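Those protein sequences? They're chains A and B, same order as listed. Numbering follows the working numbering, with no gaps: position 125 of the first sequence is 145. Numbering follows the working numbering, with no gaps: position 416 of the second sequence is 422.
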Amino acid sequence: MAERFTKSMARNIYLGGSAFFILLFLALTFDTQLRAMPERDNRDQITEQVVHGKHIWETNNCVGCHSLMGEGAYFAPELANVFDRRGASDTEVFKSYMRAWMNAMPTNIPGRRQMPNFNLSDEDIDALAAFLEWTSKIDDNNWPPNIEG
Amino acid sequence: MKYESQRVAMPYFIFALVLFAGQILFGLILGLQYVVGDFLFPEIPFNVARMVHTNLLIVWLLFGFMGATYYMVPEEAQTELHSPLLAWILFWVFAAAGTLTILGYLFVDYATLADVTLNKLLPTMGREFLEQPTITKIGIAVVVVAFLYNIAMTALKGRKTVVNIVLITGLVGLAVLWLFSFYNPSNLTTDKYFWWFVVHLWVEGVWELIMGAILAYVLIKLTGVDREVIEKWLYLIIAMALISGIIGTGHHFFYIGPPEYWLWLGSVFSAIEPLPFFMMVVFAFNMINRRRRNHPNKAATLWAMGTTVMAFLGAGVWGFLHTLAPVNYYTHGSQITAAHGHMAFYGAYVMIVLTIISYAVPIMRGRPYGNSNTAQIVEMWGFWLMTISMVFITLFLTGAGVLQVWLQRIPESGSAMSFMAGQDQIAIFYWMRLVAGCFFMAGLVVYLGSFFIKGQAGPAEEVRGAVPSPEEA
Numbered sequence: 021m022a023e024r025f026t027k028s029m030a031r032n033i034y035l036g037g038s039a040f041f042i043l044l045f046l047a048l049t050f051d052t053q054l055r056a057m058p059e060r061d062n063r064d065q066i067t068e069q070v071v072h073g074k075h076i077w078e079t080n081n082c083v084g085c086h087s088l089m090g091e092g093a094y095f096a097p098e099l100a101n102v103f104d105r106r107g108a109s110d111t112e113v114f115k116s117y118m119r120a121w122m123n124a125m126p127t128n129i130p131g132r133r134q135m136p137n138f139n140l141s142d143e144d145i146d147a148l149a150a151f152l153e154w155t156s157k158i159d160d161n162n163w164p165p166n167i168e169g
Numbered sequence: 007m008k009y010e011s012q013r014v015a016m017p018y019f020i021f022a023l024v025l026f027a028g029q030i031l032f033g034l035i036l037g038l039q040y041v042v043g044d045f046l047f048p049e050i051p052f053n054v055a056r057m058v059h060t061n062l063l064i065v066w067l068l069f070g071f072m073g074a075t076y077y078m079v080p081e082e083a084q085t086e087l088h089s090p091l092l093a094w095i096l097f098w099v100f101a102a103a104g105t106l107t108i109l110g111y112l113f114v115d116y117a118t119l120a121d122v123t124l125n126k127l128l129p130t131m132g133r134e135f136l137e138q139p140t141i142t143k144i145g146i147a148v149v150v151v152a153f154l155y156n157i158a159m160t161a162l163k164g165r166k167t168v169v170n171i172v173l174i175t176g177l178v179g180l181a182v183l184w185l186f187s188f189y190n191p192s193n194l195t196t197d198k199y200f201w202w203f204v205v206h207l208w209v210e211g212v213w214e215l216i217m218g219a220i221l222a223y224v225l226i227k228l229t230g231v232d233r234e235v236i237e238k239w240l241y242l243i244i245a246m247a248l249i250s251g252i253i254g255t256g257h258h259f260f261y262i263g264p265p266e267y268w269l270w271l272g273s274v275f276s277a278i279e280p281l282p283f284f285m286m287v288v289f290a291f292n293m294i295n296r297r298r299r300n301h302p303n304k305a306a307t308l309w310a311m312g313t314t315v316m317a318f319l320g321a322g323v324w325g326f327l328h329t330l331a332p333v334n335y336y337t338h339g340s341q342i343t344a345a346h347g348h349m350a351f352y353g354a355y356v357m358i359v360l361t362i363i364s365y366a367v368p369i370m371r372g373r374p375y376g377n378s379n380t381a382q383i384v385e386m387w388g389f390w391l392m393t394i395s396m397v398f399i400t401l402f403l404t405g406a407g408v409l410q411v412w413l414q415r416i417p418e419s420g421s422a423m424s425f426m427a428g429q430d431q432i433a434i435f436y437w438m439r440l441v442a443g444c445f446f447m448a449g450l451v452v453y454l455g456s457f458f459i460k461g462q463a464g465p466a467e468e469v470r471g472a473v474p475s476p477e478e479a
């Protein structure tokens, strides 16, 4: 029994299996990216401001504490739906909330988790808000389960 | 050690362990910040400490893999390394680049770091685990390519073993997939999709090939079991790793934008992902049971068995726990994820590097049969302290995660607890995790201490009690 299953059979399973699944994965990737995603991510609404906001998000390492669609660190709240949670799903409300919040940091309450002040201009904060608003509208299979993220 | 040039692995292993110690130190800082939120604020904010913690892990594991490769490939190929000088140059380049990057994180404001490293020319920073400045990313790519050249030239001129082929395939995959770290489109969903090509296809793909190859090599050396048998196992394990793991990437696509069919594909294939890890457990224990010799390096044998069990628990069991889409809907991005991440990385990749270090370093230090009995006992104390501490870290984070999901995720909007209110409720678990982390650090100190104990094991022990198995008798 053990002898009948040879090393070359094991190698063929490895080569054949991985080749097949790499090709399948590539095909699925094409389908996801070219067919499915344009309808799910509202890419026509990615304005220059949204792109700038993503840049602000990245260069301040926001993902080092927060999560975005569940990915990132788990030290601070989820932000993919913060537009709905704190901005009542309204662009102007959310922008003024963001300006107030970012400028009030850090709270310096002893013992509490602290968010640094990133010294962002109003223009940068508005861009960040636009980025988070666009993110909140991505069709992510209805995640998170509730408003708290 | 049969070839002098294998010795170039030594600085790689030493530097890996130094960075490992740094990683754990920052882990303790993070653990404390979870409960004393303003600890070290504003000097070292959480995001900086976390970046240091995770990036040190990645870099030291890469040093470990490179050290393992420099040690294994010449011996497998039965030839000297193509260029030990190149290996030394690359060591210093990589060590300097790594150190500068970490110092940059610690002493330069991140936005300024992005600015001075010209991130805007090719923006790649600010994504989880890929926080390195673009110039560091380019440096890593260059070092890995030059390393692969050195290794390929060595392997090609000598004996082609399955261990070498699988190891080098894994390393080539590592290098190729790294290129996706340079792709950062302005569309967040596309960015996230291809980000997983680095992160998932590394740790649940090509790194498993590297782990399998190192494990197979060490088992050949420790047990004396026929290479044919071990190589057959290795092929089967990596076959299952890739068959399950490639489409298994889908378990990350559930809730970041991609379409619904990934809910099915990701759930089904990632449910198979524990299988290759389970096979590694059976493989290691079977080979050790069928050993043709009792190798006096008992510590290395313990690490080899331990890594398979802990990888199966951390990557396999804790991965499966939250990988089915309906479960992941509630656990995605919670402390459950953190629990799984800690045990999986420790079990699979930390422990496999410590396995090859445990086997190879004594030989490079002129102790062909392993360290003295005392040193091995101390090393095993380090093994158990670190491993049991990691089990507790994982259990406490799992407790925190279950409660977090219960309070924050399961209730309807309106009655669900807010994130921060929930964090206060589960603080006791974070305190216990911190205590377990301190024990881990103690274990690491004991482990590192074992390197300073003199003496070596004797060959006499090797022949003692070489028992033929019942089938062979």
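Even glycine gets a Cβ: it sits at the ideal position worked out from N, Cα and C. Keep in mind it's a predicted model, so treat the numbers as computed, not measured.
CB contact flag (residue i, residue j, <8 Å)
i      : j      : result
B/W387 : B/V451 : no
B/G176 : B/W213 : yes
B/F283 : B/F260 : no
B/Y345 : B/G407 : Correcting the residue identity first, residue 345 of chain B is Ala in this sequence and not Tyr. Yes. Within cutoff.
A/W163 : A/Q65  : no
B/L271 : B/G256 : yes
B/F71  : B/I216 : yes
B/I459 : B/T380 : yes
B/I253 : B/M285 : no
B/A442 : B/F398 : yes
A/R106 : A/F114 : yes
B/G522 : B/A350 : What is shown of chain B runs 7 to 479, which leaves residue 522 of chain B out entirely.
B/N190 : B/P265 : no
B/T160 : B/T85  : yes
B/R298 : B/V359 : no
B/W66  : B/Q29  : yes
B/A181 : B/V150 : yes
Paired residues, beta bridge with residue i - DSSP
i      : result
B/N377 : B/Q462
A/L88  : A/E91
A/E98  : A/S87
Close-in-space but distant-in-sequence residues of the same chain around residue i (CB under 6 Å, 5 per side omitted)
i      : result
A/L148 : G73 and I76
A/I158 : D61
B/N295 : none
B/G263 : T195
B/A366 : Y77
A/F138 : N80
B/Y223 : M78 and V169
The alpha helix (DSSP H) enclosing residue i, as first and last residue numbers
i      : result
B/A147 : T140 to K163
B/C444 : A433 to G455
A/G131 : Unbroken run through A/G131: none, as it is neither H nor E.
A/D159 : Careful: A/D159 lies outside any alpha helix (DSSP H) and carries neither H nor E.
B/F326 : W324 to L327
A/K74  : E68 to T79
B/I282 : With the sequence shown as reference, residue 282 of chain B is identified as Pro, and Ile is not the correct amino acid for it. That run of the alpha helix (DSSP H) goes P280 to N295.
A/K115 : T111 to A124
B/K227 : W213 to T229
B/H346 : Q341 to A350
B/F45  : Where B/F45 is concerned, there is no enclosing alpha helix (DSSP H), given that its DSSP letter is neither H nor E.
B/K238 : R233 to G254
B/Q39  : A15 to V41
B/K304 : K304 to A317
B/L62  : F52 to A83
Sequence-distant residues of the same chain with beta carbon closer than 7 Å to residue i, five excluded per side
i     : result
B/A93 : V14, Y76, L87 and N156
B/L38 : F45 and L440
B/F21 : F69 and A101
Residues of its chain near residue i, where Cβ-Cβ distance is below 8 Å and the 5 sequence neighbours each way are ignored
i      : result
A/F40  : none
B/T105 : none
B/L403 : Q341, I342, A344, A345, H348, F435 and R439
B/S378 : I459, K460, G461, Q462 and A463
B/A36  : Sequence inspection shows Leu at residue 36 of chain B; the Ala mentioned does not correspond to that position. Within the same chain, B/L36 has close Cβ partners F52, A55, R56 and H59.
Interface residues of chain D facing residue i [CB-CB closer than 7 Å]
i      : result
A/G169 : Any reference to chain D falls outside this structure, whose protein chains are A and B.
heavy atom of the ligand HEM below 7 Å from residue i C-beta
i      : result
B/D121 : No copy of the ligand HEM occurs in the structure displayed, which carries no ligand at all.
**Report entry** Cβ contact (3+ pairs, closer than 8 Å) linking the stretch 309 to 316 of chain B and the stretch 379 to 396 of chain B
**Finding:** Segments in contact, yes.
Report task. For the stretch 117 to 132 of chain A and the stretch 33 to 52 of chain A, state whether three or more C-beta atom pairs, one from each stretch, are separated by less than 8 Å. Result -> Judged by pairs of C-beta atoms under 8 Å, the stretch 117 to 132 of chain A does not touch the stretch 33 to 52 of chain A, as fewer than three such pairs exist.
Report task. Mind the definition here: the stretch 191 to 198 of chain B touches the stretch 139 to 153 of chain B only if three or more C-beta pairs lie below 8 Å; say whether that holds. Result -> Short answer: they don't touch.
Query raised in the report: Does the stretch 127 to 139 of chain B come close enough to the stretch 56 to 64 of chain B to have 3 or more Cβ pairs within less than 8 Å?
Result: Yes, they touch.
Query raised in the report: Are the stretch 227 to 247 of chain B and the stretch 288 to 307 of chain B touching, with three or more C-beta to C-beta distances below 8 Å?
Result: In short, these stretches touch, since the Cβ pair count reaches three.
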